[in-house]
Amino acid sequence: MPRRSRGGGSAGASSPQEEEEEEEEGASSEPETRPRPPPATPATAEEPAATAAGAEARAQLAINIRRMLAVEAERRGRIAERIGVQAEGPILTLEDTFCDIDDGSAKSQVARKVALGVSQSIVSLSSFAGRKRIRVCSGFVIRWNDSTSIGTILTSAALVRPPCGDDVRVEVFLPSGDISICQISMVDFHHNIALVEVTSNFKLQEAVILKYIIDKGDVLALGRSYEGGLLMCSRGEISNRASIFECSELLVSSCEITMAGTGGPLVNYNGHVVGINFFEENQTPFLSMAIVFKCLEHHQIFGRIIRPWIGFWFTSIQMVPLSHLEHIYRKFSDVDNGLYISNVAEGSPADIAGICQGDILMKCGGKFLSTAPEFGAILMDKCKETMEEYDQETNGDFSAKRITVEIVIKRENDGSTIEKTISAGLIEEFNYNRWPTPIPSYKVRRDTIGRC
1 MPRRSRGGGS
11 AGASSPQEEE
21 EEEEEGASSE
31 PETRPRPPPA
41 TPATAEEPAA
51 TAAGAEARAQ
61 LAINIRRMLA
71 VEAERRGRIA
81 ERIGVQAEGP
91 ILTLEDTFCD
101 IDDGSAKSQV
111 ARKVALGVSQ
121 SIVSLSSFAG
131 RKRIRVCSGF
141 VIRWNDSTSI
151 GTILTSAALV
161 RPPCGDDVRV
171 EVFLPSGDIS
181 ICQISMVDFH
191 HNIALVEVTS
201 NFKLQEAVIL
211 KYIIDKGDVL
221 ALGRSYEGGL
231 LMCSRGEISN
241 RASIFECSEL
251 LVSSCEITMA
261 GTGGPLVNYN
271 GHVVGINFFE
281 ENQTPFLSMA
291 IVFKCLEHHQ
301 IFGRIIRPWI
311 GFWFTSIQMV
321 PLSHLEHIYR
331 KFSDVDNGLY
341 ISNVAEGSPA
351 DIAGICQGDI
361 LMKCGGKFLS
371 TAPEFGAILM
381 DKCKETMEEY
391 DQETNGDFSA
401 KRITVEIVIK
411 RENDGSTIEK
421 TISAGLIEEF
431 NYNRWPTPIP
441 SYKVRRDTIG
451 RC
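First residue of the sequence shown: 1, per the UniProt record's numbering; consecutive thereafter.
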């Protein structure tokens, strides 16, 4: 360590011999006012033995220190193993933050104001199994009850996916800085959404939500970190790209978030929430709030979410890669909108109705289609109507009932436009669990995930 010199400056480290020489020089320059110490005793034969004993003591001390360090390392390793992090290297957190609106540009200043306006609705949530933290997600307040002081928060179902069990505990970091335990009230693994309820001493600000589908425009992906409760924001725009996830209703924005931003809101520059975000490398898939509220409406009325199974995969024409779009345009040069049917399950309702791979789905229920969420919203409305009709007849058992879907397609083989009627079965509690009851057995094959 550097030491302070006599003049107050900093000097390099000195050996004990140099310090003794400096003291002797200083003493020689001063008058002798004290008696000199007696001369040193001549070296004896016992000194080598004492020196050897000192060396042995130092060696034993080093051994003891190494043992203590080994015991400490083992203890730290056990602790690290318990909390699920690597024992070697730096202790890693379960989240990384994101923010790209601090560059000082004019657009960043606008984005910062929008983010601050929405910030009091944004929370962070963490799931725990015992004392072990499993996952961290963001979320936002969609409803506040003044009479009960309970807020309802929308987040991602990833928060409680396995390895979380029935004993999972969820804590929420509120904008006020308070951390509270909350109750899970709904989970839908197909759409990857969940609702939690939390009691707060302070009124929670509800997010302003658009309940119709937005498929273009500049947007901000927002979130909040669990460690410190930091507000996070990434800017981008809704793009005509497909997601790697199997839920066909997903749209994509160019915002780049981290896993801690999963479940956070996607907002436009008016501060209105247009979707809920999910994590993917280099882009952010999101589920339109129009679909979210269809799910919540089902849950509120029927206590479950029921979807039809038609049996085909599809994507918007606008998201089809150019290399494949050229093949489509050779037959459908006048088609700019619609859903391209990329595959049909053998024996499915769509297959029975004569729908083929390569067909273009143009209309459903008399409405023109341009995005997958539009089709999904129509189907959920159709399910709701059917469920309301059957509810009194079946006491809530819809397993034997079907819905009729009227569609218009362009045929892949000759380009003709024809109408088709599909009779589709209803899927009860598709990957759905109403907590805290145990997860029910699935009533549909797992290979139907991602199909409509």
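For glycine and all other residues, C-beta sits at the position ideal for the given N, C-alpha and C.
- Measuring C-alpha to C-alpha distances from R133 to each of D167, Q318 and C383 identifies D167 as the nearest.
- In this structure, K410 lies near F332, with their beta-carbon atoms less than 7 Å apart.
- Contact check for I341 against F314 passes: the beta carbons are separated by less than 7 Å.
- Here DSSP, grouped into helix, strand and coil, assigns R112 to helix.
- Per DSSP, the unbroken alpha helix (DSSP H) holding E297 starts and ends at M289 to F302.
- For the 7 Å CB-CB criterion, F286 and L266 form a contact.
- Taken through DSSP and simplified to helix, strand or coil, C364 comes out as strand.
- About 23 Å separates the CB atoms of D218 and E206; that is not less than 8 Å, and the two are not in contact.
- Excluding sequence positions up to five before and after M186, its CB lies within less than 7 Å of the CB of A194, L195, H299 and R434, all in the same chain and listed in chain order.
- In the displayed model, F332 falls within coil according to three-state DSSP, outside both helix and strand.
- Ranked by Cα distance from D414, the first of S423, I360 and K203 is I360.
- Scanning its chain for C-beta atoms nearer than 6 Å, with the 5 sequence neighbours on each side dropped, one finds around S348 the residues G311, in chain order.
- About 6 Å separates the beta carbons of R169 and I181, which is inside the 8 Å limit, making them a contact pair.
- If you check the CB distance, S138 and S149 do not come in under 7 Å.
- Its Cα nearest to that of S108, the residue S234 stands out among S234, S254 and P162.
- Cβ contact annotation for S121 (same chain, cutoff 7 Å, sequence separation greater than five): F140, V141, Q205, E206 and A207, in chain order.
- A59 sits exposed, since fewer than 16 C-beta atoms from the chains shown fall within 10 Å of its C-beta.
- Between the alpha carbons of V274 and S225 lies a gap of roughly 21 Å.
- Between N277 and the set A157, K401 and F128, the nearest pair of CA atoms involves A157.
- Taking C-beta separations shorter than 6 Å and ignoring five residues to either side along the sequence, L322 has no partners in its chain.
- V344 and G358 have their C-alpha atoms roughly 9 Å apart.
- Judged by DSSP secondary structure, A350 falls outside any beta strand (DSSP E) and instead within the alpha helix (DSSP H) spanning P349 to I352.
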